[in-house]
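What follows is a set of notes on a single structure, which appears directly below.
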Amino acid sequence: MQRPTTPEPTRLSSLLPPDDSLRMALHNEVHARPTAEIALPALVVYVAVLNHAISVDAEHAHLCRLPGQADIARSRMDGNFLRVDLADCTVKWERHSEFSRYSIVQAMPDHADLDAREPDLPAGLAVDPEWLRAIPGRTMVAIKLALLSGEVDDPQSLVQRIRAWFGAAPIAASVVGTDGYSLAASDFTLRPTGFSRMLVVAPASTSPSRAGRVAQRLLELETYRMMALLGLPVAKALGTMLTQSEAQVAAMTAQLEGKAASDQELLDALVALAARVERAMAEHMYRFSATAAYDALVQQRIRDLRERAIPGTQTLGEFMQRRLSPAIATVAATGERLQSLSARVARASDLLRTRVDIATEAQNQLLLEKLTRGQELQLRLQSTVEGLSIAAISYYVVSLLLYGTKSLKLLGLQTDPEVAVGLMIPVVLWVVWRITRRVQRKIYPS
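With our numbering applied, the sequence shown corresponds to residues 51 to 496, in that order.
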């Protein structure tokens, strides 16, 4: 039997239904930000800036100012990722929803070896410092991450050895990786240069891809930690407003119970409070949600490091958790208070609405009773008027009959007009009453 031939690559798409418009973009997302390959020893100068109101075009123009990169195609930045190889370094740009980050991977200065005492890392920067200073945006994170060669067989001795590398500041350090292949340390201290400092020590045989992954996790850990903390000042600023608003809701609920204030006054106060709470939710709930999302990324990066503690030294994850967890809890509690306050205002509004509805129903009932009494009085008056009308009409009819009989007497008819008319009065009354009733039925059929 003849084996089927393999289709040409260009014809493979003809074997499938048409692609969804998002298929290619979603498929390529996994390749959107490849990890850098870093050969030891190396220095990574990393800057993350908030990119609010900063366009990609502005960042493209800034990248074009790098030496020999004036012709960078704008289309290369469509994937929010760009890597540029220069003579002495590699520059990587990545754009996220709220921040952009720039990484410069260069050779480690000769004076910054493992035994150096707080080496001056800005010396020997591979890019123009003015280019670094002119990055569009506002600095959120700035780190100099050194990756040095060294054995990690005795982590405790290595930690004592590298303490001088950070100066007098206490450090957090841990052995990272499934097999404890490298040691990572930092003092998480901002220096006068505006940078914090991290150090990774790994054997000289460490592959560039492995070193790149460790560097990326450490840099992302600090970046997401700082982004998560953006919600803390907002939460603190809302604390006073929430306390006052909660007291207002409690007071209004008590007024609803005691009926000490008018419904209109309560309604005006509730509307003003509801507007203030909803405005706060509209302005700040996104930041609280973003804080939760960034915190989840921090926890994931800590797990990715697969830390192993070094006796007598706090791990990076422990340091992060001890300082980050209270802040995240404060932000989460503030978000919950804001949502709870909104729900309480809504319930108070429902109570007031119920109270107003009941009062309105009572007023309507009183109005109906008044209308009913008015209709009864109107019917009585109408009956009285009808009786008077019958009497008046009968009087005029009897008068006409009296004039008629008197005329007949003058014509020679022997009758007594008064007696004749007097006998006709009951008949006249009955006829007028019948006619009045018939007219009334035609006008008011019911």
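By construction, the Cβ of each residue, glycine as well, lies at the ideal position given by its N, Cα and C atoms.
All figures in this text were calculated on a predicted structure; none of them were measured in a lab.
Shown here, valine 134 sits in a strand according to DSSP, grouped into three states. DSSP places threonine 243 in the coil class of the three-state scheme, outside both helix and strand. Around threonine 365, the same chain offers Ser224, Glu357 and Ala359 as residues with beta carbons nearer than 6 Å, after the five sequence neighbours per side are excluded. In the structure shown, valine 94 falls within a strand segment according to DSSP collapsed to helix, strand and coil. Minimum Cα-Cα distance from arginine 351 among the listed residues Glu109, Ala265 and Gly472 corresponds to Ala265. Nearest C-alpha to isoleucine 475 among Lys492, Thr486, Arg488 and Ala441: Ala441.
Each of Ala287, Pro253 and Tyr274 was checked against the Cα of leucine 388, and the nearest Cα belongs to Ala287.
Using a Cβ distance threshold of 7 Å, proline 205 and leucine 164 do not count as a contacting pair. For glutamate 436, the enclosing alpha helix (DSSP H) covers residues 366-460. The shortest C-alpha to C-alpha distance from glycine 385 to any of Gly217, Ala82, Met331 and Leu418 is the one to Met331. Note that the region 239-256 does not touch the region 115-135; fewer than 3 beta-carbon pairs, one per stretch, sit closer than 8 Å. A straight line joining the alpha-carbon of aspartate 237 with that of isoleucine 193 spans about 11 Å. The beta carbons of proline 467 and leucine 450 sit about 12 Å from each other, so the pair does not count as a contact at 8 Å. Inter-residue distance for histidine 146 and leucine 271 is about 15 Å (C-alpha atoms, whole angstroms). Serine 339 and threonine 85 do not touch by the CB rule: their CB atoms are close to 28 Å apart, not below 8 Å. CA-CA distance, aspartate 138 to valine 95, rounds to 13 Å. One alpha carbon belongs to arginine 151, the other to leucine 197, and they sit about 19 Å apart. For the options Val202, Pro242 and Thr239, the alpha carbon positioned closest to that of alanine 254 is the one of Val202. Using a Cβ-Cβ distance cut-off of 8 Å, the region 291-306 and the region 369-378 are not in contact, since fewer than three pairs of beta carbons, one from each stretch, lie closer than that value. When the beta-carbon positions are compared, glycine 281 and threonine 341 come within less than 7 Å of each other. Of the residues assessed, glycine 200 falls on the buried side of the cut-off, its CB having 16 or more other CB atoms within 10 angstroms.
Taking the Cα of arginine 275 as reference, the smallest distance to any Cα among Ile378, Val482 and Pro186 is reached at Ile378. Within the same chain, Ala82 come within 6 Å of glycine 129 by CB-CB distance, once the 5 residues on both sides are set aside.
Beta-bridge annotation (DSSP): serine 153 is paired with Tyr96 and Lys142. Here DSSP, grouped into helix, strand and coil, assigns leucine 347 to helix. Arginine 267 sits buried, since 16 or more C-beta atoms from the chains shown fall within 10 Å of its C-beta.
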